[in-house]
Every structure is written in structure tokens, then in C-alpha cells.
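The numbering of the sequence shown is this note's numbering, which starts it at 585 and goes up by one.
Beta carbons are placed, not taken as given, at the ideal position from N, Cα and C, and that holds for glycine.
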Amino acid sequence: MDECPRCGWPESEVYDVLSRHLTSEGVVTYTRCACGEVQVRVRPFAPDAVVSSGPVVSSGPAEPDPS
585 MDECPRCGWP
595 ESEVYDVLSR
605 HLTSEGVVTY
615 TRCACGEVQV
625 RVRPFAPDAV
635 VSSGPVVSSG
645 PAEPDPS
């Protein structure tokens with residue numbers, strides 16, 4: 585569903601968030617459309633994506649430079 589079946593309001597533009605709950609399957613969000621229609625949205629949990637990484641941090645003492 586890309587839009588509200590009652591009025592055609594775009595699903596991507598949430599008008600009002602009524603509540604949001606963590607469940608074992610993901611996040612359930614109850615929203616209200618501009619026309620008053622209540623919608624239940626489920627966003628399943630998914631593996632996190634690595635968006636950047638930094639240098640490896642050593643937890644031990646620094647080793648001398650052999651040069």
C-alpha cells in the first residue's frame with residue numbers, strides 16, 4: 585500500500601503518530617491519516633548496516649616501532 589485507501593494521502597507522509605511499540609517482531613506504529621483513518625504499520629527488525637568504520641583501537645600497550 586503506497587497511499588491511504590480511503591483518501592489517497594501518501595503513506596510516506598505520516599499525518600499523526602498515535603503510539604509506537606517494540607515487539608519481538610519489530611516496531612508496531614499506530615498512525616492516523618489526514619482523513620482520520622487509523623493505520624497499523626509494522627517495521628520488522630533487520631540486521632544493522634555498517635555505514636562507516638574507523639581505525640582498530642588496540643586495548644593493550646603500544647608496541648615499539650621496529651624501524
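Asked: Limits of the unbroken beta strand (DSSP E) element including Arg625; Found: Val622 to Pro628
Asked: Backbone CA spacing between Trp593 and Phe629 [nearest angstrom]; Found: 26 Å
Asked: According to DSSP, residues forming a beta bridge with Val601; Found: Thr615
Asked: Collapsed DSSP secondary structure at Pro594 in the structure displayed; Found: strand
Asked: Distance, Thr615 Cα to Glu597 Cα; Found: 11 Å
Asked: Cβ shell of Glu621 (< 6 Å), same chain only, five flanking positions each side left out; Found: Cys588 and Arg590
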